[in-house]
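If you want this note's numbering, it's the 1-based position in the sequence shown plus 5. Glycine included, C-beta positions come from ideal geometry on N, C-alpha and C. Take a look at the structure set out below.
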Amino acid sequence: MITADPNHIPRYTDGTIITLSDLVDMNVQALDNIAELIGFELEE
């Protein structure tokens with residue numbers, strides 16, 4: 006995902022552009038998964 010091309014547009018394997026909203030959703034889901042593993046409940 007890291008490239009030297011400043012004009013690189015990140016895409017899913019099917020060619021769909023990955024938006025900022027997609028990245029936020031992925032990060033929130035990852036944090037929720039980590040919290041669940043350690044027994045911590047996150048607010049919605």
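Cutoff 8 Å; reference residue i; Cβ partners in own chain excluding five residues on either side
i, result
"E46", "A40"
"I22", "I14, P15, R16"
Alpha-carbon spacing of residue i relative to residue j, whole angstroms
i, j, result
"I7", "G44", "33 Å"
"P11", "M31", "23 Å"
"N38", "V29", "14 Å"
"T18", "D27", "14 Å"
"A9", "G20", "20 Å"
"Q34", "L25", "14 Å"
Collapsed DSSP secondary structure at residue i in the structure displayed
i, result
"I22", "strand"
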